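In our numbering, the protein residues as written are 154 to 516. Notes to accompany the following structure.
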Ligand SMILES: *[C@@H]1O[C@H](CO)[C@@H](O)[C@H](O)[C@H]1NC(C)=O
Ligand SMILES: *[C@@H]1O[C@H](CO)[C@@H](O)[C@H](O)[C@H]1NC(C)=O
Ligand SMILES: *[C@@H]1O[C@H](CO)[C@@H](O)[C@H](O)[C@H]1NC(C)=O
Ligand SMILES: *[C@@H]1O[C@H](CO)[C@@H](O)[C@H](O)[C@H]1NC(C)=O
């Protein structure tokens, strides 16, 4: 090895050194981190010739939908410009919107690349032109939102740029059948998952508040804070004296404190529709199944209402045993004067109503 240890350490960083050691130990054939660096024998010189590396992404968040694709731009260049191309290491990592640690998404050197964890097989580098380090993501999941870092390393030069990924979707408050303020943080996470959604982030709740969401019960968010959005200040919801806004109780204890929850859902690969029949809850589930579908979940009804304009003035059963209907064009005898998903809570399961079914277009 030509490089002595401290130099090696600087170039690779502790993390990469460790991952190389781990891979070397496991006999993983993908030991490209190490090999390619030694090939690129010009690396390191750049630092001393006054050439600077620059990396840039976009200032604006990138918006996408669940199941769709996203393109996170990133490009790098040298100043002064170089005549020959160089082999750099590009690394994308992700800080989830839910908080937690930055985790690896993809590492590439030249045309060799590797993706990690949940991102394996659904991310790639675009590399359309010299200096293009744009990340293309497929089959987006609800929990892919957050801050992505594009890092480019050439010898001792190490520069990065950040870009936020947001999903278009809908935030909805959720209260389980057994009533108000019955969910600790874990219960809240599970409640959202059962409704085909995830815990909303603060950014998602804030966006929903800007679009008019007003809800006077406090709910968990993904960052373990408890908040509620008020557009029309009134007495039981913090009082008249306080300006409209998202009110926060701050971070609460994830096991000991109980609230409702705000869930987030995005576009569906399928359709929500209404079956106009008189059914109890058991019959309602069966009717959707006989129709090649499933009884719809609350997150699916909200997504269909918000993203495809589902509008139906008939209350129908949903999977959690609640009774609701979606209205995009408010009219007489169809609830309040604002659009919304109307809820009748959880009626006795023997009552007879119609049902909302969800038919997925996935296999
Ligand atoms: C996403 O990209 C893949 C190819 O990478 C393409 O087949 C698919 O149609 C794209 N999906 C959408 C929703 O654009
Ligand atoms: C990344 O690796 C895959 C297979 O490992 C390859 O198909 C692809 O062309 C590589 N390059 C880029 C830029 O993604
Ligand atoms: C994200 O959601 C998927 C299901 O859509 C799940 O398999 C995965 O574990 C979740 N990832 C994280 C980091 O929570
Ligand atoms: C619904 O009606 C069926 C008979 O059609 C009955 O077997 C079932 O127990 C009823 N379920 C409920 C929840 O009342």
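Don't be surprised by glycine CBs; every beta carbon is placed ideally from N, CA and C. The model shown is predicted, which means the values in this text are computed figures rather than measured ones.
Since residue i and residue j are thought to touch, with beta carbons under 8 angstroms apart, how far apart are those beta carbons, to the nearest angstrom?
i           : j           : result
residue 376 : residue 251 : 7 angstroms
residue 400 : residue 445 : Contact doesn't hold; Cβ gap of about 44 angstroms is too wide.
residue 508 : residue 437 : 4 angstroms
residue 258 : residue 216 : In fact, because the Cβ distance is near 18 angstroms, the residues do not count as touching under 8 angstroms.
residue 479 : residue 467 : About 10 angstroms separates the two Cβ atoms, so there is no contact after all.
residue 288 : residue 225 : 4 angstroms
residue 278 : residue 223 : Wrong, their Cβ atoms sit about 14 angstroms apart, outside the cutoff.
residue 460 : residue 411 : Contact flag wrong, Cβ pair sits at about 31 angstroms.
residue 407 : residue 355 : No, residue 407 and residue 355 are not in contact; Cβ-Cβ is about 16 angstroms, not under 8 angstroms.
residue 284 : residue 228 : 5 angstroms
residue 317 : residue 214 : 4 angstroms
What does the Cβ neighbour count give for residue i, buried or exposed, with the cut at 16 atoms within 10 Å?
i           : result
residue 415 : buried
residue 194 : Below a pLDDT of 50, predicted positions are generally treated as unreliable, and residue 194, at 39, falls in that range; no measurement from the model is reported.
residue 453 : buried
residue 503 : exposed
residue 389 : exposed
residue 429 : exposed
residue 402 : exposed
residue 457 : buried
residue 409 : exposed
residue 342 : buried
residue 497 : exposed
residue 268 : buried
residue 282 : exposed
residue 448 : buried
residue 395 : exposed
residue 310 : buried
residue 234 : exposed
residue 334 : exposed
residue 382 : buried
residue 373 : buried
residue 357 : buried
residue 237 : exposed
residue 264 : exposed
residue 329 : buried
residue 364 : exposed
residue 490 : exposed
residue 413 : buried
residue 514 : exposed
residue 559 : Nothing about residue 559 can be read from this structure; the chain reaches only from 154 to 516.
residue 319 : buried
residue 469 : buried
residue 332 : exposed
residue 477 : buried
From the DSSP output, which residues share a beta bridge with residue i?
i           : result
residue 506 : 432
residue 240 : In the DSSP output, where bridge partners are listed per residue, residue 240 has none listed.
residue 334 : Answer is none; residue 334 lacks a bridge partner.
residue 454 : Beta-bridge pairing links residue 454 to no other residue.
residue 258 : DSSP output for residue 258 lists no bridge partner at all.
residue 224 : 289
residue 251 : Per DSSP, none; premise fails for residue 251.
residue 301 : 247, 316
residue 437 : DSSP output for residue 437 lists no bridge partner at all.
residue 380 : 372, 401
residue 479 : 494
residue 94  : One cannot answer for residue 94 here, as it falls past the ends of the chain, which runs 154 to 516.
residue 416 : 325, 352
residue 216 : 319
residue 277 : 289
residue 230 : 207
residue 307 : 310
Regarding residue i and ligand 5, is the C-beta to nearest heavy atom distance less than 7 angstroms?
i           : result
residue 424 : Among the ligands present in this structure, namely ligand 1, ligand 2, ligand 3 and ligand 4, ligand 5 is not found.
Counting Cβ pairs, one atom from each stretch, are 3 or more of them under 8 angstroms apart for the segment 202-221 and the segment 295-311?
yes
Residues near ligand 1, criterion Cβ-heavy atom distance below 6 angstroms:
221, 222, 291
Counting Cβ pairs, one atom from each stretch, are 3 or more of them under 8 angstroms apart for the segment 311-326 and the segment 407-423?
yes
How about the segment 429-445 and the segment 489-496: do they share at least three Cβ pairs that are nearer than 8 angstroms?
no
Would you call the segment 241-257 and the segment 332-347 in contact, with 3 or more CB pairs under 8 angstroms?
no
Using the beta carbon as the reference atom, which residues fall closer than 6 angstroms to any heavy atom of ligand 4, ordered along the chain?
433, 434, 435, 436, 502, 503
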